[in-house]
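> Numbers in the numbering used here are just positions in the sequence shown, counted from 1, shifted up by 2. Handing you a structure now.
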Amino acid sequence: MKLAPAGHLGHHVRFAGVLIRSASGSLDRFRLRAFHQENPVRSFSSRKMVEMKDHNTVLASMRSRVQEQGDIVRALKSRNAPDSELKIALAELKARKKLLEEKWAVQAAFLRSADQLGIQGLYDYGPMGCAMKANLIAAWRQHFILEDQLLEVDCSMLTPAPVLQASGHVERFTDLMVKDMKTGECFRADHLVKANLEAKQKHKKTSEAEKQEIQKLLTQLDNFGSKELDDIIRRYDMKAPTTNNELSEPQEFNLMFSTVIGPTGQCKGYLRPETAQGIFVNFQRLLQFNQGKIPFGAAQIGSAFRNEISPRSGLIRVREFAMAEIEYFVDPKNKQHPKFDRVHDVTMTLYSACDQMDGNAFRKMTIGDAVKQGIVANQTLGYFMARIHQFLLLIGVDPNRLRFRQHLSNEMAHYACDCWDAECQTSYGWVECVGCADRSCFDLTQHARATGTRLVAEKQLTEPASFAFCPQYTRLVRVCECVPDKQALGKTYRGAARSLIERLSALTLDEALQIKTDLDTDGEAVVLVDGKPFIVDNSMVKMKDYESKVHVDEIVPNVIEPSFGLGRILYALFEHSFRVREGDEQRTGCWTSGNISSLM
């Protein structure tokens, strides 16, 4: 059974309708029992209400025509009619269904404000949807923020471009898309290729050798770039799915919504693609608030925006969505968690990368055993995975349709070194609802380089010094500093000198030592600034190499990040709680958990 899209449900005081799965197993989108068809929303104008009634009359007639043609097809099948006759009848049935679906989409559009008509990937929550979403957020805040004493923040959704340039989103937050050469309709390239390959693999005329080749391509699909995807599209003669027209070559498309901040138009910005970056740029303030101590966690609940190429599947792939994220900062040399013993015996369904590569099924095990065996990398990652599992069960997710799947190396985001997804099984397959990633020190390191700011935590030394002349709990460290000659650099590089000086002042120890070695050996060194090479020599910079006493260790914390897609969680809950009374399909309902029920 499948619930109707939540974007339409939310406009009524009860669920607007249910999509019924037919006996053949496919979704019958044309038996939608919509509450709004008999009860138009009263806040609409009289003109809109009349138009909706007219649409309902037309829809009823079209449904009747679809049902009539369906009866004809069933009759032909029952008497083993010739294939030619059956094909004609099926084509007519598909045509009628398509017309009905298009007409229903027009009718559904009346439930959205006029400025949103025809735009996909945008959904409104009505009274019931808002109540359930608010209860879900309240349960999340109680379960995570209060229980784990996280620091909650609420950052701006408008993000200046330099922040996302430093994080890598401007350069890497892209998908490959192809266009219909005639209509201009866009499709995400990897999704289109995957759908075509899977359909061909299931076709009865495909040989075993071809099926094996296709399976190999599907396994490697996430590794392919634009050239490889284009080769597959041409080799298998793939067309636009809606028109059967030719497709363009794949091209990169950045998924962020760009904008300008201020009236001059010179300050570029983006609507944030995730809530995490607001926490990272406020790391120093949060560290001070926590009295300079790690580990600690920060949390944020809010909207994020991604300009999806082809949004689909209701709340599962949209352009604006609610997120709840945690950034937990830990010592990279000590990822133990003080509360891990409390979740040690939590049994979970895990699907590791090794099991996926070997073709094994997912398996149940305690999180304690998973960490002990090295399946889950560390206690902090394991702790949050177990807490996510407990939370999803608390709000009503079916435990038999919940698993944690580890990302393969080719799926890993540019900022992650390990990641597990909490996936819920729905009518769309296994859908990622929560991601739990080890982002290592990527983000803090990138922002430190971009701003020249030291984003570090200090840790008191706990071991005595190893040399007699140094006081206890201090040690000597090697320091290599680059002192730029601003006048010499300004004469040589003029306008670019400022960014070069900032880069030289923010060198890491390894980078500074490499430049010193190059200067000593060749008399010059190459410095990269935003990918552009600059040559410096001994007249432009002076290198200072010495030892210094330190009383603390400076640590760039690693980050464990649980990231929750609230819309996807709600959708999974709708499906998992939907019930049909046996023997009476007219008696349906959603039995949601008391923790998030809108009727609390």
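C-beta: ideal position from N, C-alpha, C; glycine also.
1. If you draw a straight line from the C-alpha of R49 to the C-alpha of V60, how long is it?
2. Where D586 and F580 are concerned, what is the direct C-alpha to C-alpha distance, given to the nearest angstrom?
3. Just how far apart, CA to CA, sit S260 and P164?
4. For the stretch 309-325 against the stretch 195-204, do three or more pairs of beta-carbon atoms, one drawn from each stretch, fall closer than 8 Å, so that the two count as touching?
5. Can you round the beta-carbon distance between A300 and L446 to whole angstroms, since I take them to be within the 8 Å contact cut?
6. Buried or exposed: which applies to K135, given that a residue is buried once 16 or more other Cβ atoms fall within 10 Å of its Cβ?
7. Whole angstroms is fine: what's the gap from N247's alpha carbon to Q122's?
8. Out of curiosity, what's the CA-to-CA distance linking T594 and H553?
9. Using beta-carbon positions only, say whether A379 and D347 come within less than 9 Å of one another.
10. Could you give the C-beta distance for P559 and C443, rounded to a whole number, given that I count them as a contact under 8 Å?
11. Can you check which of these residues, Q588, M64, P564, E577, is closest to A326 by C-alpha distance?
12. How big is the Cα-Cα spacing for D400 and D126?
13. Classify T266 as buried or exposed, calling it buried when 16 or more other Cβ atoms lie within 10 Å of its own Cβ.
14. Whose C-alpha, out of S507, R389, Y430, G591, is nearest the C-alpha of A141?
15. Using three-state DSSP, classify G227 as helix, strand or coil.
16. Exposed or buried, Q144, counting other C-beta atoms within 10 Å across all chains shown (16 or more means buried)?
17. Who are the Cβ neighbours of A424 in its own chain at under 6 Å, not counting the five residues just before and after it?
18. Throw me the rounded Cβ distance for the L178 and P252 pair, which I believe falls under 8 Å.
19. What does DSSP give as the partner residues of Q302 in its beta bridges?
20. Over what stretch of residues does the beta strand (DSSP E) that includes K374 continue unbroken?
21. By a C-beta neighbour count over all protein chains shown, 10 Å radius and 16 as the cutoff for buried, is P297 buried or exposed?
22. Between the alpha carbons of N592 and N292, how many angstroms are there, rounded?
23. Given V543, which residues of its chain have a CB within under 7 Å of its CB, disregarding the five upstream and five downstream residues?
24. Between S209, G398, L231, G370, which lies nearest to F386 when the distance is taken from Cα to Cα?
25. CB-CB under 7 Å to F341, same chain, minus the five flanking residues each way: which ones, in chain order?
26. Going by Cα to Cα distance, which pick from K218, K207, V479, G72 is closest to Y548?
27. Counting along the chain, where does the beta strand (DSSP E) carrying G437 start and finish?
28. Using the Cα positions of A211 and Q408, report the straight-line distance between them to the nearest angstrom.
29. How is the beta strand (DSSP E) around W422 delimited, first residue to last?
30. From E1 to M350, what distance separates their C-alpha atoms?
31. Quick one: is L102 buried, meaning 16 or more other Cβ sit within 10 Å of its Cβ, or exposed?
32. Alpha carbons only, please: which of K366, D343, R344, V345 is nearest the one belonging to G354?
33. Quickly, what does DSSP pair A459 with across the bridge? List them, please.
34. For the putative contact between I318 and Y430, defined by C-beta atoms under 8 Å, what is the C-beta separation to the nearest angstrom?
35. Since G271 is in the beta strand (DSSP E), which residue starts that stretch and which ends it?
36. Checking the sheet assignment: what are the DSSP bridge partners for F307?
Working from what's here:
1. As a first step, residue 49 must be located in the sequence shown, where it is residue number 47. As a first step, residue 60 must be located in the sequence shown, where it is residue number 58. Note that R49 scores a pLDDT of 34, beneath 50, so its modelled location is shaky; the value from the coordinates is reported in the next line. Cα to Cα, the separation comes out at about 17 Å.
2. Taking the sequence shown and counting its residues from 1, the one referred to as residue 586 is at position 584. Taking the sequence shown and counting its residues from 1, the one referred to as residue 580 is at position 578. If I take the Cα positions, the gap works out to 14 Å.
3. One-based indexing of the sequence shown puts residue 260 at position 258. One-based indexing of the sequence shown puts residue 164 at position 162. Looking at the two C-alpha atoms, the distance is approximately 13 Å.
4. no
5. Looking up residue 300 in the sequence shown gives position 298. Looking up residue 446 in the sequence shown gives position 444. Rounded, the Cβ-Cβ distance is 12 Å, inconsistent with contact.
6. For this step, residue 135 is matched to residue 133 along the sequence shown. Buried is the call here.
7. Walking along the sequence shown from the start, residue 247 turns up at place 245. Walking along the sequence shown from the start, residue 122 turns up at place 120. If you take the alpha carbons of N247 and Q122, they lie about 22 Å apart.
8. As a first step, residue 594 must be located in the sequence shown, where it is residue number 592. As a first step, residue 553 must be located in the sequence shown, where it is residue number 551. When rounded, the distance between both Cα atoms is 55 Å.
9. On the sequence shown, residue 379 is found 377 positions in, with the first residue counted as 1. On the sequence shown, residue 347 is found 345 positions in, with the first residue counted as 1. It is not a contact, given that the beta carbons lie outside the stated cut-off.
10. As a working mapping, residue 559 is identified with position 557 in the sequence shown. As a working mapping, residue 443 is identified with position 441 in the sequence shown. Yes, they are in contact, since the Cβ atoms of P559 and C443 sit about 7 Å apart, within 8 Å.
11. To locate residue 326, count along the sequence shown from 1; it is residue 324. Closest by alpha carbon: P564.
12. Against the sequence shown, residue 400 aligns to sequence position 398. Against the sequence shown, residue 126 aligns to sequence position 124. Taking the straight line from one Cα to the other gives about 26 Å.
13. Locating residue 266 in the sequence shown gives position 264, counting from the first residue. Classification for T266: exposed.
14. In the sequence shown, counting from the first residue as 1, residue 141 sits at position 139. Minimum Cα distance to A141 is reached at R389.
15. Numbered from its first residue, the sequence shown carries residue 227 at position 225. Coil, per DSSP.
16. Numbered from its first residue, the sequence shown carries residue 144 at position 142. The residue in question, Q144, is exposed, as its Cβ has fewer than 16 Cβ neighbours within 10 Å.
17. As a first step, residue 424 must be located in the sequence shown, where it is residue number 422. Result list for A424: I390, F406, C435, V436, in chain order.
18. Sequence index remark: in the sequence shown, residue 178 carries index 176 (1-based). Sequence index remark: in the sequence shown, residue 252 carries index 250 (1-based). At roughly 4 Å, the Cβ-Cβ gap stays under 8 Å, so L178 and P252 are in contact.
19. As a first step, residue 302 must be located in the sequence shown, where it is residue number 300. According to DSSP, which records beta bridges pairwise, Q302 is partnered with E327.
20. Start at 1 with the first residue of the sequence shown, and residue 374 comes out as number 372. From DSSP, K374 is part of no beta strand (DSSP E) but of the alpha helix (DSSP H) over 369-374.
21. Numbered from 1 along the sequence shown, position 295 holds the residue referred to as residue 297. So P297 counts as buried.
22. By one-based count along the sequence shown, residue 592 stands at place 590. By one-based count along the sequence shown, residue 292 stands at place 290. A quick correction: the sequence has Cys, not Asn, at residue 592. So the alpha carbons of these two residues sit roughly 43 Å apart.
23. Reading the sequence shown from its first residue, position 541 is the one you call residue 543. Closer than 7 Å at Cβ, skipping near neighbours: C484, V485, P486, D487, L506.
24. Position 384 of the sequence shown, counted from the first residue, corresponds to residue 386. If we check each option's Cα against that of F386, G370 comes out closest.
25. Walking along the sequence shown from the start, residue 341 turns up at place 339. First, the residue type needs correcting, since residue 341 is Lys and not Phe in the sequence shown. Once the five neighbours on either side are set aside, the close Cβ partners of K341 are Y385.
26. Position 546 of the sequence shown, counted from the first residue, corresponds to residue 548. When only C-alpha atoms are compared, the closest one is V479.
27. One-based indexing of the sequence shown puts residue 437 at position 435. G437 -> beta strand (DSSP E) spans 431-442.
28. Here residue 211 refers to the residue found at position 209 when the sequence shown is read from its first residue. Here residue 408 refers to the residue found at position 406 when the sequence shown is read from its first residue. If you take the alpha carbons of A211 and Q408, they lie about 29 Å apart.
29. Within the sequence shown, the letter at position 420 stands for residue 422. Counting along the chain, the beta strand (DSSP E) containing W422 begins and ends at 420-428.
30. Given that the chain is displayed from residue 3 to residue 602, the structure contains no residue 1 and the question cannot be resolved.
31. Sequence index remark: in the sequence shown, residue 102 carries index 100 (1-based). With 16 or more other Cβ atoms within 10 Å, it is buried.
32. Walking along the sequence shown from the start, residue 354 turns up at place 352. The sequence given here has Ser at residue 354, not Gly. Minimum Cα distance to S354 is reached at K366.
33. On the sequence shown, residue 459 is found 457 positions in, with the first residue counted as 1. DSSP, once it has assigned bridges, lists I557 as partnering A459.
34. What you label residue 318 is simply residue 316 of the sequence shown in a count that begins at 1. What you label residue 430 is simply residue 428 of the sequence shown in a count that begins at 1. I318 to Y430, Cβ: 6 Å. Contact.
35. Position 269 of the sequence shown, counted from the first residue, corresponds to residue 271. That run of the beta strand (DSSP E) goes 269-273.
36. Residue numbering aside, residue 307 sits at position 305 when the sequence shown is read from its first letter. Note: F307 sits in a beta bridge opposite E322.
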